[in-house]
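Student:
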Amino acid sequence: MNVNFLNLLLTVILAFFSDTEALSPHYYDHTYPKADQIVTNAVKKAMANDKTVPAALSRMHFHDCFIRGCDASVLLDSTHSSDSKGKNKAEKDGPPNISLHAFYVIDNAKKALEEQCPGVVSCADIVSLAARYAVALSGEPTWEVPKGRKDGKVSKAIETR
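According to mature numbering (1 follows the signal peptide of the UniProt record, and there is no 0), the stretch in the sequence shown is residues -22 to -1, 1 to 139, in order.
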């Protein structure tokens, strides 16, 4: 087969199976333009009371992205059940993540966002934005955050090793 034909075929297949929605710094501009400000306010409030918040949020973001991509799976709690089928130890409870903290910052941002515009901003984007703003508000360099991530539904402590 011709190499050009194979390249074309591969491109078509990849395009067909890839996500149609790309990440964008402007993802919420039309659906909820105040999203960034609400996350910033939650981070500012937390930083006023706890000087470890910037490091905690940066570390949380790193550990979230390292396992399954930036999907907020580090926020999911372990499940406990009397039968063996319903029990799962989540990433949050994995050995490297036991000391993660500042989850309340993400919870507070999510609560404020849900009050204003329910079901629009993903927890995955909140974790990314919170880490960015915590670093920026500490006077460190900032970066543009592409938004539009989807929240993960799987979180396994065994994957943290």
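Note that the Cβ used here is the ideal one computed from N, Cα and C, for glycine as well. Note that this is a predicted model, so its numbers are computed, not measured.
Could you check how far apart the C-beta atoms of V98 and Y10 are, in whole angstroms? I think they sit under 8 Å.
Tutor: Position 120 of the sequence shown, counting from 1, holds the residue named residue 98. Position 32 of the sequence shown, counting from 1, holds the residue named residue 10. Sure, about 5 Å apart at Cβ, within 8 Å.
Student: Once you ignore the five residues that flank residue 140 on each side, which residues in its own chain have a CB closer than 7 Å to its CB?
Tutor: Given a span of -22 to 139 for the chain in the structure shown, any question on residue 140 remains unanswerable.
Student: So A68 and S133 are in contact, right, with Cβ under 8 Å, and what is the actual spacing, rounded?
Tutor: Position 90 of the sequence shown, counted from the first residue, corresponds to residue 68. Position 155 of the sequence shown, counted from the first residue, corresponds to residue 133. Indeed, because the Cβ distance is near 4 Å, the residues count as touching under 8 Å.
Student: Can you list, in chain order, the residues of its chain with a C-beta nearer than 6 Å to that of K24? Leave out the 5 residues immediately preceding and following it.
Tutor: In the sequence shown, the residue the question calls residue 24 occupies position 46. First, the amino acid is wrong: residue 24 is Ala here, not Lys. Closer than 6 Å at Cβ, skipping near neighbours: V31 and V83.
Student: Hey, how far is the Cα of S56 from the Cα of K131?
Tutor: Here residue 56 corresponds to residue number 78 of the sequence shown, with the count starting at 1. Here residue 131 corresponds to residue number 153 of the sequence shown, with the count starting at 1. Computed Cα separation, rounded: 12 Å.
Student: Can you tell me which of I136, M38, G47 and S116 puts its alpha carbon nearest to the alpha carbon of H79?
Tutor: Within the sequence shown, the letter at position 101 stands for residue 79. Ranking the options by Cα distance to H79, first place goes to M38.
Student: Pick out the complete beta strand (DSSP E) segments inside the segment 29 to 98, 3 residues or longer, and give them in chain order.
Tutor: Counting whole runs of 3 or more residues, the segment 29 to 98 contains no beta strand (DSSP E) stretch at all.
Student: For E137, which residues in the same chain have their Cβ closer than 8 Å to its Cβ, ignoring the five residues on either side in sequence?
Tutor: Walking along the sequence shown from the start, residue 137 turns up at place 159. Once the five neighbours on either side are set aside, the close Cβ partners of E137 are I45, R46, E69 and G72.
Student: Compare the C-alpha of C95 against each of V52, F40 and D7 and name the closest.
Tutor: Reading the sequence shown from its first residue, position 117 is the one you call residue 95. The shortest Cα separation from C95 among V52, F40 and D7 belongs to D7.
Student: In the DSSP output, what is S2 paired with across the bridge?
Tutor: Within the sequence shown, numbered from 1, the residue matching residue 2 stands at position 24. Looking at the DSSP assignment, S2 forms a beta bridge with K125.
Student: On a CA-only basis, which of K22, A(-1), H4 and D14 is nearest G117? Give me that one, please.
Tutor: Counted from its first residue, the sequence shown places residue 117 at position 139. When only C-alpha atoms are compared, the closest one is K22.
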